[in-house]
Amino acid sequence: MEENKEQAEKCRDMAKTAMKAGDYTKAIKWFEKSLRLFPLPGVSGMIERCKNEKNSASTRRQSTGPSAAAREATETRRRQESGTGDIRGGGSSDQNDLVKKILRASKGKDAHYKVLGLERGAGESEIKKAYKRTSLKVHPDKNPADKADEAFKAVGLAYATLSDSRKRQIYDATGNEDPDNTGAGGGNPFAGFNRGGGGFRHSAHGEVDPEDIFRMFFGGGGPMGGGFGGPGVRMYSSGFGGMPRAQRRERGGQGGGQQQQQSSILQLLPILFFILISFFSFPEESSSGDSGSQYFSLTHKHPFTNPMETRHRGVVKDIPYFVSDKFMRTYYRDPYKVAQVERMVERAYDTYLVNECRNQRKYKRQLEQRANNYRGNQETRDGLLNEAVKVELTRCDEHRDLFQTTKR
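Each residue of the sequence shown is one higher than the one before, starting from 13 at the first, in our numbering.
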């Protein structure tokens, strides 16, 4: 069937990617799965080639000793971790120098000011101009230098802190964006991204997205205007970000009970607002299973051209899916966010298999009914019945194996 052929092609593509990365065991697994789904030309030959390459690699490791084997394993792992190869790299000397300069400036005293090239007394307009000027030069889509994404995050964090009067006051006094931010980051200059503004802490991996700040200046901005994350900064409330939770602070002294109660109520209002927002802003998943959201697709199509497969704990393993180059730059190294996407992939693939199973059952019943309703000679009727019997419910079997047998 056409659906089987499409899935077989997808498995074949996954196998080719693994083969290029030198992971012949995985390549053989995907080629064999492709062959079970549909007999695509050349797949059998690729299986034999992978087996030969695997045996040759094993022989080379035995003959060249442990050091060469270790180097080969390291290189294979590096290629696998890079996903599609060298996603980044290059850039002019000026671009590389700027990235290095920003990363050096992001450490130490007055880091946010140094990142933007400002003095401590800089005004709001100067901060905005500095952000516009610097962010354009290090945005990952415009600067191909290595670690440009880290420099871009540092610039976004600097602006998010200095553009918020409360956070800037705390930063000037303590060197942190938030006085309760003790131990967060362990020297990581981007640790402040784990906090929203206005006294609210995101969940473990929630963050003010530097892309949102950038869009505010160069492409429409966030819908919340001058909200809790600084002027015009939109805080993630769902999807990859975490739901902000109120930062509870115990206050000493007596006679402040009523004031503390009022303060607690006021703190709950933004949380309720974010809960409402989450119902409308969480990325939608396609019921067809063709594409889960703006973050991935179950089929290979532009811009989703980088093959991946589910691997995180609590998710059905080895479901193939595809992501964009932007995803690889922005989220690939964050296991929490990749796990969120893989849960969406799992649900989308579950829906897809259920629908395909239903279609296969329907097609099989139609063939059986046509045979049973046939009033011609017995030989033709038997042939029609045999045709119905030969229809395999491959999608039903796959759904049972994945979601009823191997789930968790």
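Where a beta carbon is used, it is the ideal one built from N, C-alpha and C, also for glycine.
C-beta atoms of residue i and residue j nearer than 8 Å
i: P315; j: K22; result: no
i: I114; j: V167; result: yes
i: A27; j: F43; result: yes
i: L310; j: Y386; result: no
i: E354; j: V327; result: yes
i: T124; j: T186; result: Note on residue identity: the sequence assigns His, not Thr, to residue 124. The answer is no: Cβ separation not under 8 Å.
i: A383; j: R393; result: yes
i: D337; j: N318; result: yes
i: R53; j: R341; result: A small correction: the amino acid at residue 53 is Pro; Arg does not occupy that position in the sequence shown. No, Cβ-Cβ distance for P53 and R341 is not below 8 Å.
i: K66; j: T37; result: yes
i: L12; j: K376; result: Nothing in the structure corresponds to residue 12, since the chain is present only between 13 and 420.
i: V127; j: A160; result: no
i: E321; j: L365; result: no
i: S46; j: A69; result: no
i: D176; j: R132; result: no
Unbroken beta strand (DSSP E) run spanning residue i, endpoints
i: F339; result: Per DSSP, F339 belongs to no beta strand (DSSP E); it is in the alpha helix (DSSP H), D337 to T342.
Residues bridged to residue i (per DSSP)
i: F316; result: K313
i: Y333; result: M320
i: F415; result: Its beta-bridge partners do not exist; DSSP assigns none.
Residue interval of the alpha helix (DSSP H) (run including residue i)
i: G395; result: Q390 to K402
i: S177; result: S177 to T186
i: F43; result: Y36 to L49
i: L365; result: P347 to N385
i: R407; result: T406 to H411
Nearest-angstrom Cα separation, counted from residue j out to residue i
i: R412; j: R323; result: 19 Å
i: P156; j: S147; result: 14 Å
i: K141; j: P347; result: 34 Å
i: R407; j: Q378; result: 17 Å
i: L414; j: D158; result: 39 Å
i: K374; j: K17; result: 19 Å
i: K149; j: A134; result: 21 Å
i: D109; j: R116; result: 11 Å
i: R345; j: F164; result: 16 Å
i: D25; j: K121; result: 49 Å
i: K41; j: R178; result: 56 Å
i: E162; j: D106; result: 17 Å
i: K349; j: Y343; result: 6 Å
i: K402; j: F339; result: 42 Å
i: K32; j: E60; result: 15 Å
i: R145; j: M356; result: 37 Å
beta-carbon residue i near the ligand MG non-hydrogen atom, thresh 7 Å
i: E18; result: With respect to the ligand MG, the structure shown offers nothing to examine, as it has no ligands at all.
Quick check for students: name the residue ranges of the beta strand (DSSP E) that lie wholly in the region 91 to 172, counting only runs of 3 or more.
Here no run is fully enclosed.
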